[in-house]
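Student:
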Amino acid sequence: MIILSEKDVKRAVAMKEAIQVMKDAFIQYARGDYVMPARNFYQVEDEDYFLLMSSFVKDVIGLKVATSFPSNRNRNVPVTQAMILLMHRKTGKPLAMMSGTMLTAIKTGAVSGVAIQQFKQDAKSVGLIGTGQQGLYQLLAALESANIKNIYLYNRSEHKIKSFIEQFRRLSNSDVHIEQMGSVEALLDKSEIVITATTSFTPVIPDVPELYQNQDKLFVAVGSFDAAMRELPESLFRSATYYFIDSEDGKKECGDIIDPIRNKWMEEDDVILLSDILTGKRQVHLKSNEPIVFKTVSMALFDTCIGYFVYHKAKEFNLGQKVDLSFMN
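Residues in the sequence shown are numbered from 197 upward in steps of one, following my numbering.
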């Protein structure tokens, strides 16, 4: 068994590779080529949650243990933390334990990258609301998936943006133009792609119909994962003909999907799995004057696929620490 640190994970996989792994995982999801028990959410305290997710893919079992603790903002500790365990599917032998915090950020960015390649590959500008670790990898994926020339940032805590930009420059080695915006409205006006990466319980963009009518922007929502959470407003859903999601389970788990269907802001038949678009199971005609909306809640299948890829790359590059857990000599 090998143990992979955050540093090992970053060295093992590039964003371009991660996007391809996620695209392949979408295809597996469409074909039903996996086993994935329902994931479990446990409220620890107030807004703090503990999550357990597992899946069986090919010859590997993957288990992800994750926490989302918004209260950590007051402790200078990451909001999202996780680890991923891999076991051999036939023998149950432990293969790897790795930093799931970093891998989650890379994976979620890569899922968004698949959507950007599908719907907005020609975009030259991207706006990001929420400048945590998740946001860093969302932007890396956007740079990899489209011809981005301008990045626009908004965060309620303005003092965090400077350090965010410094981190992004180091990670991306890019001199792309980056601008801090004074309001969400200003960011919307400038951006062809809008990414929300927050843990908000209320919409982080305005519920103003005029902002979304006659617009062909791509909105990518990645932050909310609970029924009580929502990043996107009613008027955005009413302005779009289709709503693309990554997981059928999101209809039961996530407020950004539950609320539009329950409140009839969109017809459920117009809420479409991105995997069905990628495989040609569903075909849609997207108008040039309306927004495209994509929501990822992710799934254990994605975590297992990217984890198994990283495991093999780590073995190839001789990364990580080897540990013998055997009880037998």
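Idealized CB from N, CA, C, for every residue including glycine.
I'd like to check one pair, I198 with G503: are the Cβ atoms closer than 7 Å?
Tutor: No, the pair does not count as a contact, with Cβ atoms beyond the cut-off.
Student: Report the CB separation of M232 from L470 in whole angstroms; it is logged as a contact under 8 Å.
Tutor: The pair is not a contact, with the Cβ atoms about 17 Å apart (cut-off 8 Å).
Student: Quick one: is S494 buried, meaning 16 or more other Cβ sit within 10 Å of its Cβ, or exposed?
Tutor: Answer is buried; the Cβ neighbour count reaches 16.
Student: May I ask which residues mark the beginning and end of the alpha helix (DSSP H) holding P456?
Tutor: P456 -> alpha helix (DSSP H) spans 451-458.
Student: Given this structure, state the Cα-to-Cα distance separating N525 from K289, to the nearest angstrom.
Tutor: Any reading at N525 is ruled out, since the residue's pLDDT is 49, under 50, leaving its predicted position unreliable.
Student: Would you check if the distance between the CB atom of V418 and the CB atom of A393 is smaller than 7 Å?
Tutor: Yes, the Cβ-Cβ distance between V418 and A393 is below 7 Å.
Student: Out of E486, D220, M425, which one is the CA nearest neighbour of L407?
Tutor: Considering only alpha carbons, the answer is E486.
Student: Report the residue ranges of all beta strand (DSSP E) runs contained in full by the segment 373-452; include only those spanning at least 3 residues, in chain order.
Tutor: Entirely contained in the segment 373-452, the beta strand (DSSP E) runs reaching 3 residues are, in chain order, 373-376, 389-392, 414-417, 439-441.
Student: With DSSP as the reference, label S353 as helix, strand or coil.
Tutor: The answer is coil: DSSP assigns S353 none of H, G, I, E or B.
Student: Apart from the five residues on each side of it in sequence, which residues of its chain come closer than 6 Å, Cβ to Cβ, to R434?
Tutor: Excluding positions up to five away in sequence, the list reads W461.
Student: When you compare the CB positions of M298 and E202, do they come within less than 7 Å of one another, or not?
Tutor: Cβ atoms of M298 and E202: closer than 7 Å.
Student: Which residue's Cα is closest to the Cα of T398: Y348, R365, G378, C450?
Tutor: It is C450 whose Cα lies nearest to the Cα of T398.
Student: Out of G296, K316, K509, state which residue places its alpha-carbon closest to the alpha-carbon of V390.
Tutor: Looking at the Cα atoms, K316 is the closest of the given residues.
Student: So what does DSSP say about L482, is it helix, strand or coil?
Tutor: Looking at L482 - three-state DSSP - the assignment turns out to be coil, as it is neither helix nor strand.
Student: Specify, as a first and last residue, the run of the alpha helix (DSSP H) that I312 falls within.
Tutor: Looking at the DSSP string, the run of the alpha helix (DSSP H) that includes I312 is 296-315.
Student: Can you tell me whether DSSP reads A226 as helix, strand or coil?
Tutor: A226 falls in the helix class under three-state DSSP.
Student: What number of angstroms, rounded off, separates the C-alpha of T276 from the C-alpha of T437?
Tutor: Roughly 33 Å separates the two Cα atoms.
Student: Between the segment 257-269 and the segment 239-246, can you find at least three pairs of beta-carbon atoms closer than 8 Å?
Tutor: In short, these stretches touch, since the Cβ pair count reaches three.
Student: Which whole-angstrom value describes the C-beta separation of I344 and S321, a residue pair presumed to lie in contact below a C-beta threshold of 8 Å?
Tutor: About 7 Å; that satisfies the 8 Å criterion.
Student: Mapping the DSSP letters down to three states, classify G331 as helix, strand or coil.
Tutor: Helix.
Student: Short check: CB of K491 to CB of D452, under 7 Å?
Tutor: The answer is yes: Cβ separation under 7 Å.
Student: Where does the unbroken alpha helix (DSSP H) through L497 begin, and where does it stop?
Tutor: Where L497 is concerned, the enclosing alpha helix (DSSP H) stretches over 496-513.
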